[in-house]
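Trainee: The opening position of the sequence shown corresponds to residue 182 in the working numbering, with each subsequent residue numbered one higher. All residues carry an ideal CB built from backbone N, CA and C; glycine is no exception. These numbers come from a predicted model, not from an experiment. Okay, handing you the structure first.
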Amino acid sequence: YTQGYEDQQGFSPTFVKFITGVTQRVVDRYDIRNKQVVEIGCGKGDFVRLISKLGNNRGTGIDPAYVPGREEDVPGVRFIKEFYSSKHGDLEADCITCRHTLEHIHDTHGFMDMIRESIQASEPVLFFEVPSVVRILEIQAFWDLFYEHCTYLSPGSLARLFRLNGFEVLDMYLEYDKQYLFIEAKPVDGRSKKIHPLEETIEELKEKTEYFVEQINIQLGEWRNRLIGFKKEGKKVVVWGGGSKSVGFLTQFADLDAIAHVCDINPHMTGNFIPGIGMQYVGPDFLEEFKPDVVIVMNSVYMDEIREDLASRGLHPEMLGL
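Printed below as a string of C-alpha cells:
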C-alpha cells in the first residue's frame with residue numbers, strides 16, 4: 182500500500198451498485214443533503230464524489246495518494262493531498278467518512294481521540310467502514326491478512342473504540358457477504374453505555390481466534406494440493422482480481438508456479454506488477470487468446486459478474502471463489 186497503490190473498485194458494476202445503495206441509505210437516514218462532508222483517506226476520491234452527488238453536498242477528500250485529474254471534477258468537491266491530522270480540525274463537517282483506512286492505523290485510540298477533539302464545537306455524523314475480522318477468523322481468509330493492516334476490528338472492538346473516544350454507536354452492520362463492517366456514530370458528552378446487538382463478547386472473539394489457529398493449516402493445505410493438481414494436469418490457471426487479496430493469496434503459493442496470470446478489469450492495473458511476486462497484471466481481453474482452464478476469483482461476490490464477462494468472450498472455465 183504505497184501512495185501509488187491502485188485501489189479503485191468502480192470499474193465493477195457489482196461494486197458500484199453496492200456502494201451506491203449503502204451511500205444512499207446513509208444520505209437518507211441522516212438527511213446528508215446540502216451539507217459539508219469530509220472523507221479521511223479518500224484514495225482516488227470515488228466515495229466523496231459519490232456522496233456529494235447523491236446529496237448535493239460539498240465534499241473534502243484528504244489523502245496523500247489522491248491523483249489530480251484522474252477522474253472528472255465534481256462541483257463543490259476538493260482534495261487535500263496530505264495525511265489527516267489535527268490541523269484539519271477546523272474543516273467544517275456535517276458528516277465525517279472514513280472507509281478502509283482505520284485498519285492501516287496502529288494507534289487507533291489516538292486517531293479517534295484526535296477526531297473527537299477536532300469536533301468539539303459540532304455534531305457531525307461519522308460513517309466508517311473496515312474489513313470484518315470475524316469473517317476472516319470464521320473462514321480462515323488468509324488472503325485478507327497482510328502486514329499493512331496493523332489493526333483488525335470486529336463489531337465489538339470497533340464499537341468499544343468509538344465509545345472509548347466519546348462517540349455513541351447509532352448503528353452497525355455487515356455488508357458484502359459479511360466482509361465489510363460499517364459503523365455510524367455521533368459525538369456525545371461522557372462515555373456512552375449503548376451496546377449494539379451486533380457486538381460480540383471478548384470470549385466469543387477468543388473462541389473464533391482459536392478456531393482460526395486450529396483450521397488455517399488445513400485451509401492452506403487444501404489450496405496447495407488443489408494447485409499442485411492443476412499443474413500436474415497441465416491446466417492453465419488464472420487469478421481474477423488484482424487487489425490486496427490476490428497478493429495475500431499468491432504469496433502463499435508462489436513457489437508452486439501453478440498460476441499463469443492475474444487478471445483485473447481495472448485498466449489502470451494492466452501492465453503493472455504484483456508486489457512481491459513480479460507477475461504482470463493482464464486485462465480481460467488477454468484471456469480471449471489465453472483461454473484459461475481454471476479461474477480463481479479473489480472475491481466470490483463477483484462470481485456472477487465475472488462468469489458473464491467470460492461467457493461473453495466464449496470462455497467457460499472452471500471457476501473457484503474465495
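Helix, strand or coil for residue 256, going by three-state DSSP, please let me know.
Mentor: Taking the sequence shown and counting its residues from 1, the one referred to as residue 256 is at position 75. The answer is coil: DSSP assigns residue 256 none of H, G, I, E or B.
Trainee: For residue 444, which beta-bridge partners are listed by DSSP?
Mentor: Taking the sequence shown and counting its residues from 1, one reaches residue 444 at position 263. Answer is 421, 463, bridged to residue 444.
Trainee: Residue 306 by DSSP, collapsed to three states: which one?
Mentor: In the sequence shown, counting from the first residue as 1, residue 306 sits at position 125. Residue 306 falls in the strand class under three-state DSSP.
Trainee: With a Cβ-Cβ cutoff of 8 Å, do residue 430 and residue 324 count as a contact?
Mentor: One-based indexing of the sequence shown puts residue 430 at position 249. One-based indexing of the sequence shown puts residue 324 at position 143. A contact, by the Cβ cut-off of 8 Å.
Trainee: Measuring straight from C-alpha to C-alpha, what distance separates residue 439 and residue 373?
Mentor: Counting from 1 along the sequence shown, the entry for residue 439 is found at position 258. Counting from 1 along the sequence shown, the entry for residue 373 is found at position 192. Residue 439 and residue 373: Cα-Cα distance of roughly 52 Å.
Trainee: Scan the region 386-435 and note each continuous alpha helix (DSSP H) run of 4 residues or more that stays entirely inside, going in chain order.
Mentor: The region 386-435 contains these whole alpha helix (DSSP H) runs: 425-434.
Trainee: Evaluate contact between the region 440-452 and the region 385-399, counting only Cβ atoms and requiring at least three cross-stretch pairs below 8 Å.
Mentor: The region 440-452, when compared against the region 385-399, does not touch it at the 8 Å Cβ threshold.
Trainee: Is residue 456 helix, strand or coil when you go by DSSP?
Mentor: Against the sequence shown, residue 456 aligns to sequence position 275. Of the three classes helix, strand and coil, the one that applies to residue 456 here is coil, per DSSP.
Trainee: Hey, could you find the ends of the beta strand (DSSP E) residue 194 is sitting in?
Mentor: Numbered from 1 along the sequence shown, position 13 holds the residue referred to as residue 194. Premise fails: residue 194 lies in the alpha helix (DSSP H), 194-210, not in any beta strand (DSSP E).
Trainee: Pick from 287, 314, 285, 272: whose alpha carbon is nearest that of residue 298?
Mentor: In the sequence shown, the residue the question calls residue 298 occupies position 117. Of the candidates 287, 314, 285, 272, the one whose C-alpha sits nearest the C-alpha of residue 298 is 272.
Trainee: Rounding to the nearest angstrom, what Cα-Cα distance links residue 334 and residue 364 in this structure?
Mentor: Here residue 334 refers to the residue found at position 153 when the sequence shown is read from its first residue. Here residue 364 refers to the residue found at position 183 when the sequence shown is read from its first residue. Looking at the two C-alpha atoms, the distance is approximately 11 Å.
Trainee: So what does DSSP say about residue 239, is it helix, strand or coil?
Mentor: Looking up residue 239 in the sequence shown gives position 58. Reduced to three states, the DSSP call for residue 239 is strand.
Trainee: Going by C-alpha distance, which of 348, 289, 483, 326 is nearest residue 198?
Mentor: By 1-based counting over the sequence shown, the position of residue 198 is 17. Checked all of 348, 289, 483, 326; the closest Cα to residue 198 is 483.
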